[in-house]
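Chemist: Provided herewith is a single structure, encoded as structure tokens, for subsequent inquiry.
2 protein chains.
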Amino acid sequence: MTLDGVFGALADPTRRALLTTLLEQGAATATDLAQPLPITRQAVVKHLQVLAHADLARCSRQGREVRWSAHPAPLGDAAEWLVRTGADWDRRLGRLQEAVSGGSTSA
Amino acid sequence: MTLDGVFGALADPTRRALLTTLLEQGAATATDLAQPLPITRQAVVKHLQVLAHADLARCSRQGREVRWSAHPAPLGDAAEWLVRTGADWDRRLGRLQEAVSGGSTSA
DNA sequence: TCTAGGTGCAACCCTTCGGTTGCACCCTGT
DNA sequence: ACAGGGTGCAACCGAAGGGTTGCACCTAGA
Chain D
1 MTLDGVFGAL ADPTRRALLT TLLEQGAATA TDLAQPLPIT RQAVVKHLQV
51 LAHADLARCS RQGREVRWSA HPAPLGDAAE WLVRTGADWD RRLGRLQEAV
101 SGGSTSA
Chain F
1001 MTLDGVFGAL ADPTRRALLT TLLEQGAATA TDLAQPLPIT RQAVVKHLQV
1051 LAHADLARCS RQGREVRWSA HPAPLGDAAE WLVRTGADWD RRLGRLQEAV
1101 SGGSTSA
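So the protein lines, in turn, are chains D and F. First residue of the first sequence: 1, per this note's numbering; consecutive thereafter. First residue of the second sequence: 1001, per this note's numbering; consecutive thereafter.
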């Protein structure tokens, strides 16, 4: 899994909105998704392709329509990275506090 | 808190590396951070400024040096967004499975 | 005081990104 | 068959991103 792709995809508010919309509605076409937005269908397609490149969205053709759906599994990997990084810091902070306020004066 | 800034800052592998380095080493100057990297000190400074803009890093002047340190609190907010979004999807998937394989045929 | 190391600022380059437009293509329904 | 809606592709544009270089400034230390 590529953290670059996932974080990069989530960095854009329009893409986060598209992702949540897909999660709420289950599946939709680019045309449908573009309608309430102030941008073109083509722009939405580009955003969806970015999401797809991060494996956060997938598309399947049905007749002349292309239905997009969310695939939030990589969110878990990204969350894991965040929590692990933050947890490491918490542990380090805990050790630092121990060292500062702990029993022995020496570090 | 701005998810744009945090996710955007984490989208770059160099910035993630800088962040983890700061978390491991506690604090460092831009010159120190740039030394093992194949990029210029100025590039590192720009990356650190991006991290600072997302409130993921902070700097303080000490004499003629500027020491940078990590501030991973926003990671928790970003992780919360990820988990919440993923959890929503899990609940929806659970309901869908109930509707498909559950007792009553109507949704 | 003078030298050297660390920093900040500004200009510049090339690439990527977000977005638009125009057009060709294909599927659907009458 | 044919009109219409949905899609894909390509070109184009302005802005932002990542990176570099050059130089001025300031602080520490001899």
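Even glycine gets a Cβ: it sits at the ideal position worked out from N, Cα and C. Source: prediction; values computed, not measured.
Return the residue from the list F:G1086, F:W1081, F:P1074 and F:G1026 that minimises the CA-CA distance to L1051 of chain F.
Modeler: For L1051 of chain F, the nearest C-alpha among the options comes from F:P1074.
Chemist: Step through the CB atoms of chain F and report whether any lies within less than 8 Å of the CB of D55 of chain D.
Modeler: It does not; no Cβ of chain F falls within 8 Å.
Chemist: What are the start and end residues of each continuous beta strand (DSSP E) run of 3 or more residues lying completely inside the stretch 9-56 of chain D, in chain order?
Modeler: DSSP runs (the beta strand (DSSP E)) wholly in the stretch 9-56 of chain D: 27-29.
Chemist: Quick one: list the residues of chain D neighbouring P1038 of chain F, beta-carbon separation under 9 Å, in chain order.
Modeler: Ordered by position in chain D, no residue passes the 9 Å Cβ test against P1038 of chain F, which lies about 17 Å from the chain.
Chemist: R64 of chain D by DSSP, collapsed to three states: which one?
Modeler: In this structure, R64 of chain D counts as coil in the three-state DSSP scheme.
Chemist: Using the Cα positions of Q1035 of chain F and A1070 of chain F, report the straight-line distance between them to the nearest angstrom.
Modeler: Each residue's Cα considered, the two are about 18 Å apart.
Chemist: Report the residue from D:C59, D:P72, D:H47 and D:Q25 whose alpha carbon sits nearest the alpha carbon of P13 of chain D.
Modeler: That would be D:H47, whose Cα lies nearest to the Cα of P13 of chain D.
Chemist: Going by beta-carbon coordinates alone, are P1072 of chain F and L1023 of chain F separated by less than 8 Å?
Modeler: Yes.
Chemist: Quick one, are the C-beta atoms of R1067 of chain F and A1017 of chain F less than 8 Å apart?
Modeler: Not in contact: R1067 of chain F and A1017 of chain F (Cβ atoms no closer than 8 Å).
Chemist: With a threshold of 8 Å between beta-carbons, can A27 of chain D be considered close to chain F, or not?
Modeler: Taking Cβ atoms only, chain F never reaches closer than 8 Å to A27 of chain D, which makes this a no.
Chemist: Look up L3 of chain D in the DSSP assignment and say whether it is helix, strand or coil.
Modeler: Helix at L3 of chain D.
Chemist: Pull up the distance between the alpha-carbon of R1041 of chain F and that of L1056 of chain F, whole angstroms please.
Modeler: So the alpha carbons of these two residues sit roughly 19 Å apart.
Chemist: Check whether chain F comes within 8 Å of T31 of chain D, counting only Cβ atoms and requiring the distance to be less than that.
Modeler: Output row for T31 of chain D: interface = no.
Chemist: Given a cut-off of 8 Å on the beta-carbon distance, is the pair T21 of chain D and L3 of chain D in contact?
Modeler: Cβ distance not < 8 Å, so T21 of chain D and L3 of chain D don't count as in contact.
Chemist: Distance, Cα to Cα, G1076 of chain F vs R1058 of chain F?
Modeler: Going by the C-alpha atoms only, they are around 17 Å apart.
Chemist: Can you give the beta carbon distance from V982 of chain F to A1087 of chain F, rounded, assuming they're within the 8 Å contact cut?
Modeler: Look at the range of chain F in this structure, 1001 to 1107, and you will see that residue 982 of chain F is not part of it.
Chemist: Strictly by DSSP, which residues pair up with A70 of chain D?
Modeler: DSSP lists D:A57 as partners of A70 of chain D.
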